[in-house]
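Enquirer:
There are 2 protein chains.
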Amino acid sequence: MKKRTVVVLVLLAMVCGSGLTFALTGSSLANQAALGQGVLASAASGLKPDEVKKLGTALDLIQSNYYQDVDRTKLLDGAINGMTQSLDDPYSSYMGKKTAEEFEETIEGSFSGIGAEVSSENGNVVVVSPIKGSPAEKAGIRAKDVILTVNGESLHGLELNDAVAKIRGPKGSEAKLTIKRSGSAAPIEYTIIRDDVDVETVKAHMEPGKIGVIEITQFSLNTGERFKQELSTLEKEGMKGLVIDVRNDPGGVLSVVIDIAEQFVPKGKVIVQVEDKNKKRDQTLSKGSGKPYPVTLLMNKGSASASEILAGALQQSAGAKLMGENSFGKGTVQTSFNKQFDDGSLLKITIAKWLTPNGSWIHQKGLKPDIAVAQPDYFSVAPINKNATLKFNMNSDDVKNAQVMLDGLGYKPGRKDGYFDEKTASAVKSFQKAQKLGVTGAVDAKTAEALETELIKKIRDPKYDNQLKSAIAEVQKEITAAASKH
Amino acid sequence: MKKRTVVVLVLLAMVCGSGLTFALTGSSLANQAALGQGVLASAASGLKPDEVKKLGTALDLIQSNYYQDVDRTKLLDGAINGMTQSLDDPYSSYMGKKTAEEFEETIEGSFSGIGAEVSSENGNVVVVSPIKGSPAEKAGIRAKDVILTVNGESLHGLELNDAVAKIRGPKGSEAKLTIKRSGSAAPIEYTIIRDDVDVETVKAHMEPGKIGVIEITQFSLNTGERFKQELSTLEKEGMKGLVIDVRNDPGGVLSVVIDIAEQFVPKGKVIVQVEDKNKKRDQTLSKGSGKPYPVTLLMNKGSASASEILAGALQQSAGAKLMGENSFGKGTVQTSFNKQFDDGSLLKITIAKWLTPNGSWIHQKGLKPDIAVAQPDYFSVAPINKNATLKFNMNSDDVKNAQVMLDGLGYKPGRKDGYFDEKTASAVKSFQKAQKLGVTGAVDAKTAEALETELIKKIRDPKYDNQLKSAIAEVQKEITAAASKH
Numbered sequence: 001m002k003k004r005t006v007v008v009l010v011l012l013a014m015v016c017g018s019g020l021t022f023a024l025t026g027s028s029l030a031n032q033a034a035l036g037q038g039v040l041a042s043a044a045s046g047l048k049p050d051e052v053k054k055l056g057t058a059l060d061l062i063q064s065n066y067y068q069d070v071d072r073t074k075l076l077d078g079a080i081n082g083m084t085q086s087l088d089d090p091y092s093s094y095m096g097k098k099t100a101e102e103f104e105e106t107i108e109g110s111f112s113g114i115g116a117e118v119s120s121e122n123g124n125v126v127v128v129s130p131i132k133g134s135p136a137e138k139a140g141i142r143a144k145d146v147i148l149t150v151n152g153e154s155l156h157g158l159e160l161n162d163a164v165a166k167i168r169g170p171k172g173s174e175a176k177l178t179i180k181r182s183g184s185a186a187p188i189e190y191t192i193i194r195d196d197v198d199v200e201t202v203k204a205h206m207e208p209g210k211i212g213v214i215e216i217t218q219f220s221l222n223t224g225e226r227f228k229q230e231l232s233t234l235e236k237e238g239m240k241g242l243v244i245d246v247r248n249d250p251g252g253v254l255s256v257v258i259d260i261a262e263q264f265v266p267k268g269k270v271i272v273q274v275e276d277k278n279k280k281r282d283q284t285l286s287k288g289s290g291k292p293y294p295v296t297l298l299m300n301k302g303s304a305s306a307s308e309i310l311a312g313a314l315q316q317s318a319g320a321k322l323m324g325e326n327s328f329g330k331g332t333v334q335t336s337f338n339k340q341f342d343d344g345s346l347l348k349i350t351i352a353k354w355l356t357p358n359g360s361w362i363h364q365k366g367l368k369p370d371i372a373v374a375q376p377d378y379f380s381v382a383p384i385n386k387n388a389t390l391k392f393n394m395n396s397d398d399v400k401n402a403q404v405m406l407d408g409l410g411y412k413p414g415r416k417d418g419y420f421d422e423k424t425a426s427a428v429k430s431f432q433k434a435q436k437l438g439v440t441g442a443v444d445a446k447t448a449e450a451l452e453t454e455l456i457k458k459i460r461d462p463k464y465d466n467q468l469k470s471a472i473a474e475v476q477k478e479i480t481a482a483a484s485k486h
Numbered sequence: 001m002k003k004r005t006v007v008v009l010v011l012l013a014m015v016c017g018s019g020l021t022f023a024l025t026g027s028s029l030a031n032q033a034a035l036g037q038g039v040l041a042s043a044a045s046g047l048k049p050d051e052v053k054k055l056g057t058a059l060d061l062i063q064s065n066y067y068q069d070v071d072r073t074k075l076l077d078g079a080i081n082g083m084t085q086s087l088d089d090p091y092s093s094y095m096g097k098k099t100a101e102e103f104e105e106t107i108e109g110s111f112s113g114i115g116a117e118v119s120s121e122n123g124n125v126v127v128v129s130p131i132k133g134s135p136a137e138k139a140g141i142r143a144k145d146v147i148l149t150v151n152g153e154s155l156h157g158l159e160l161n162d163a164v165a166k167i168r169g170p171k172g173s174e175a176k177l178t179i180k181r182s183g184s185a186a187p188i189e190y191t192i193i194r195d196d197v198d199v200e201t202v203k204a205h206m207e208p209g210k211i212g213v214i215e216i217t218q219f220s221l222n223t224g225e226r227f228k229q230e231l232s233t234l235e236k237e238g239m240k241g242l243v244i245d246v247r248n249d250p251g252g253v254l255s256v257v258i259d260i261a262e263q264f265v266p267k268g269k270v271i272v273q274v275e276d277k278n279k280k281r282d283q284t285l286s287k288g289s290g291k292p293y294p295v296t297l298l299m300n301k302g303s304a305s306a307s308e309i310l311a312g313a314l315q316q317s318a319g320a321k322l323m324g325e326n327s328f329g330k331g332t333v334q335t336s337f338n339k340q341f342d343d344g345s346l347l348k349i350t351i352a353k354w355l356t357p358n359g360s361w362i363h364q365k366g367l368k369p370d371i372a373v374a375q376p377d378y379f380s381v382a383p384i385n386k387n388a389t390l391k392f393n394m395n396s397d398d399v400k401n402a403q404v405m406l407d408g409l410g411y412k413p414g415r416k417d418g419y420f421d422e423k424t425a426s427a428v429k430s431f432q433k434a435q436k437l438g439v440t441g442a443v444d445a446k447t448a449e450a451l452e453t454e455l456i457k458k459i460r461d462p463k464y465d466n467q468l469k470s471a472i473a474e475v476q477k478e479i480t481a482a483a484s485k486h
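Protein chains in written order, with the UniProt record's numbering: chain A, 1 to 486; chain B, 1 to 486.
1. I'd like to check one pair, residue 172 of chain B with residue 555 of chain B: are the Cβ atoms closer than 8 Å?
2. Under 8 Å, do residue 75 of chain B and residue 87 of chain B count as touching if we go by C-beta distance?
3. Check whether chain B comes within 8 Å of residue 94 of chain A, counting only Cβ atoms and requiring the distance to be less than that.
4. What residues from chain B crowd round residue 75 of chain A, counting only those whose CB sits closer than 7 Å?
5. Within the chosen definition, does the stretch 429-438 of chain B reach the stretch 397-407 of chain A through at least 3 CB pairs nearer than 8 Å?
6. Please report how far the alpha carbon of residue 131 of chain B lies from the alpha carbon of residue 116 of chain B, in whole angstroms.
7. Between the C-alpha atoms of residue 217 of chain B and residue 113 of chain A, what's the straight-line distance to the nearest angstrom?
8. Roughly how far, in whole angstroms, is the beta-carbon of residue 418 of chain B from the beta-carbon of residue 395 of chain A, given that I think they are within contact range, below 8 Å?
9. Is there a Cβ of chain B sitting closer than 8 Å to that of residue 180 of chain A, yes or no?
10. Between which two residues does the alpha helix (DSSP H) harbouring residue 255 of chain A extend?
11. Below 8 Å, can you find three or more Cβ-Cβ pairs linking the stretch 353-364 of chain A to the stretch 267-284 of chain A?
12. Looking at the unbroken alpha helix (DSSP H) that takes in residue 352 of chain B, where does it start and where does it end?
13. In chain order, which continuous runs of the alpha helix (DSSP H) of length 4 or greater are located wholly inside the stretch 126-187 of chain B?
14. Closest to residue 147 of chain A by C-alpha separation, out of A:170, A:157 and A:177, would be which residue?
15. Between residue 245 of chain B and residue 468 of chain B, which are expected to be in contact by the criterion C-beta below 8 Å, what is the C-beta distance as a whole number of angstroms?
16. With three or more C-beta pairs closer than 8 Å as the rule, is the stretch 202-214 of chain B touching the stretch 230-243 of chain B?
17. Do residue 437 of chain B and residue 447 of chain B come within 8 Å of each other at the CB atom, strictly closer than that value?
18. Tell me whether residue 402 of chain A is buried or exposed, calling it buried when 16 or more other Cβ atoms sit within 10 Å of its Cβ.
19. List in chain order: all unbroken alpha helix (DSSP H) runs of 4+ residues lying wholly within the stretch 403-485 of chain B.
20. For residue 47 of chain A, would you say it is in contact with chain B, using Cβ-to-Cβ distances shorter than 8 Å as the test?
21. Roughly how many angstroms separate the alpha carbons of residue 206 of chain B and residue 309 of chain B, rounded to a whole number?
22. Compute the Euclidean distance between the alpha carbons of residue 451 of chain B and residue 421 of chain B, then round it to the nearest angstrom.
23. Pull up the distance between the alpha-carbon of residue 480 of chain A and that of residue 123 of chain A, whole angstroms please.
24. Roughly how many angstroms separate the alpha carbons of residue 389 of chain A and residue 237 of chain A, rounded to a whole number?
25. Throw me the rounded Cβ distance for the residue 220 of chain B and residue 106 of chain B pair, which I believe falls under 8 Å.
26. Can you tell me which of the three DSSP states residue 203 of chain B falls into?
27. Count the other CB atoms, across all protein chains shown, that sit within 10 Å of the CB of residue 104 of chain B; report buried if there are 16 or more and exposed otherwise.
28. Kindly list the residues whose CB is nearer than 8 Å to the CB of residue 18 of chain A, restricted to its own chain and excluding five residues on each side of it in sequence; keep chain order.
29. Curious, which full-length beta strand (DSSP E) runs of at least 3 residues does the stretch 225-251 of chain B contain?
30. Taking only beta-carbon atoms, is residue 269 of chain B less than 8 Å away from chain A?
31. Against chain A, with Cβ distances strictly below 8 Å, would residue 51 of chain B count as a contact?
32. Could you pull the start and end residues of the beta strand (DSSP E) that residue 281 of chain B belongs to?
33. Mind checking whether residue 391 of chain A and residue 363 of chain A have CB atoms under 8 Å apart?
34. Taking only beta-carbon positions, decide if residue 411 of chain A is within less than 8 Å of chain B.
35. Hey, which unbroken runs of the alpha helix (DSSP H) at 4 residues or more fall wholly within the stretch 36-82 of chain A?
36. Exposed or buried, what is residue 68 of chain B when buried is set at 16 or more other beta-carbons lying within 10 Å of its beta-carbon?
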């Protein structure tokens, strides 16, 4: 069964809009090429004559005989794609110029645009928040603003990605926005000059009891510095314990995660080990000094790569508890090569395995949490198809989704297996009464929309984030235990 | 939802075991290479220096840096694979030596082995029928024989394909079989010398009312000759009308289907049109003379390529009715090139579109039947998972499958949506009573197996083949109508 999630409805699309699973690169972009060339120097040989002949024959056969026109460059790019695919490694890949540029932006954690997080609500593009210091913030764009048009083009009804593509643009270019803001009758016009904007990859706040929470959304080149700033601020505020949240963090740059881990791992202890083709291991030892306060790391099945390096280092070398769900399981390191091509294309190649401090390779297995905490099922329920009204004695996935939503909102649908029985009908009635809808006991389009709206409110409300609450409670427990020892 | 079918349980695997979707080749293997080279001659140029450099750089980067050992030949094959994939055409592909050999066997309609159709029943490999004139038939292998071991290796519990791979072998090699046959207590031993065996791609029989039925399972090189033989036999027996059954026939060789169509399409009328890259159309006109008796063609969504050429020709140039389901929709012609490579590999390239006589391109649309006849839903129901007992008030896909089976067997489960209600329970009880099983009203493993066994019997019984029965009835109607005109 295909599982789309309601989270789709609430998902925040960064204006950068680039792909979520990006590589753990072995070094910064600046010296990757150098690293690559160094390795290359010992083995470079180029194609042998019989290889040139075979590839040329295939290319000519296709170009001469295919029933449609063939773009020769596309065939060549296809050939390099095919080489990486023959490795049977999802993390080795070849990118054309455009994809390579987006990839590099993700690595760098910056992009050029107006700098606003936006989401899609009922076909409208709504600002979630302007990024601090961005052109959007400076111009006065506010959260909940609805962006109606960009340079005269309506965004209404567009897919979020397509809308974002229209808002983005090169540094220095002009984006004329028409904004609808609640409280003002007429649309407001803004002219914003696009600029380089740093993606906010680190967000922090202090919970009651002086427990800090730092969320890392990806490990970009600027993430280490941002993390240090936020950590330092929390420490100055008297933080007694810390939750690091890497849920749905797909990873990033190796040196950056090492920098972050180093602040928690005592001097001389292992942060990560990198093992090359010849099984030679290179250990990275901490030059830091550890922290006196307890730390837990919150992860889920979307925590991959650099997130897992951090998890392994904190668990095995800094005594931190891992909480949440089993992590993704990506135990390899990639380097990207682009200087070798003169057309902007890029080859990302898996160059090594990484192992946790105790030497385990978590590839395709992930790290197990010390304390498993699941998120309730309504966090991943699919939207209800609104073409048909769901009623008594029906049986379908849509009924199932409605039941999960009702249950999540505290109404008791009796069952969550998709069969619409009497209890489901009375739960629907209770919900409709509370929402001041017609009390029919059947889920029509209006009721379905109300269910989704209410559920999204609940999902967005941190007080229903079981995993975060458990992680905070665990830190609190450790603070108390440590205090009682003194 | 993934839909495995009970048909999997009854599916006959030809000992040849090669892939089902094979290409419609533009010419016989013997002259394909020549055709290819002819076209090539005008455009061959080989790789340009910058192309050699780019491909060589990529290959070297991968080979030098990848974290595991890389087979250079695999990278090169991957490159050619990648070229074909960049075309975004599922019918253009590159095959290594082994796959190319299997492909050629399919085209030729012959393979080397013992020559027995086998199926898998409860983990046993059971002979469905020995192929006429094959080593298996000559040795005395019979239908329903269970093949226990081959050259000392047990076949029990193997996937059908893996078992077939053990039974197959090169011409002249020895297969020592141990056979269990009902009626003899001790296993029987056979030593069979494998030989070239023609796949039976044409099967024919006469229905009451002198209506002939010819089933074509694929259009291999020898299929045209076999079709003529069977047609001639039926005609000699006084056939008054014909059903040609190409259900689940994935296609085959263009010249072969033209040969077959020619026997029904009157002289000078179009059989098929082939359109090249430059929109130049090449019409194939019939040199035959048509038939005086009515013909219907039976097809389904598994009827592709050459099957659709036959359908189009018979419908639009021979007045035949198309019956059954919408066909697959493959409107392109491939040619395979292998002489250009000296390592046995093969490049299959889509070289043209084909159009029906009236000029329509059915690609990704298929042909619509003149008279739509569906097969009952139980023909494609999935097997029941036997780990859990299904009972009242449960709700699952397994319950749904059980309901479809009950309904198909004439018990009335009340609903077929997966909710196990009272009516389903009483249908189960009736079935259990009829089968002399414990009457519990719940579907345990035994009941599930009995349901599947009974259903398979029904599916195998031609008298429940709605589509075939309708096709025969239509031919009968046309015979009667023609007779009343005289």
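Virtual Cβ for every residue (Gly too), placed ideally from N, Cα, C.
Predicted model, so just to flag it, every value in this text is computed and none were measured.
Expert: In terms of the structure at hand:
1. The first residue shown for chain B is 1 and the last is 486, placing residue 555 of chain B beyond what the model contains.
2. no
3. yes
4. Residues of chain B with a Cβ closer than 7 Å to the Cβ of residue 75 of chain A are, in chain order, 83 and 86.
5. no
6. Whole-angstrom Cα-Cα distance: 5 Å.
7. Rounded to the nearest whole angstrom, the C-alpha separation of residue 217 of chain B and residue 113 of chain A is 59 Å.
8. 6 Å
9. Chain B, which has no Cβ nearer than 8 Å to the Cβ of residue 180 of chain A, makes this no.
10. From DSSP, the alpha helix (DSSP H) with residue 255 of chain A extends over 254-262.
11. yes
12. First-last for residue 352 of chain B: 346-355, but that is the beta strand (DSSP E), not the alpha helix (DSSP H).
13. 135-139 and 160-167
14. A:177
15. 7 Å
16. yes
17. Contact flag set, yes.
18. buried
19. 422-434, 445-460 and 466-485, all fully within the stretch 403-485 of chain B.
20. yes
21. 25 Å
22. 18 Å
23. Rounded to whole angstroms, residue 480 of chain A to residue 123 of chain A spans 48 Å at the Cα level.
24. 53 Å
25. 7 Å
26. strand
27. buried
28. Per-residue confidence for residue 18 of chain A stands at a pLDDT of 28, beneath the threshold of 50, marking its modelled position as unreliable; no derived number is given.
29. For the stretch 225-251 of chain B, whole beta strand (DSSP E) runs of length 3 or above, ordered along the chain, are 241-245.
30. No, residue 269 of chain B does not count as interfacial toward chain A.
31. Chain A, which has a Cβ nearer than 8 Å to the Cβ of residue 51 of chain B, makes this yes.
32. 281-285
33. Cβ atoms of residue 391 of chain A and residue 363 of chain A: not closer than 8 Å.
34. no
35. 49-65
36. In the assembly as shown, residue 68 of chain B is an exposed residue. Its beta-carbon has fewer than 16 other beta-carbons within 10 Å.
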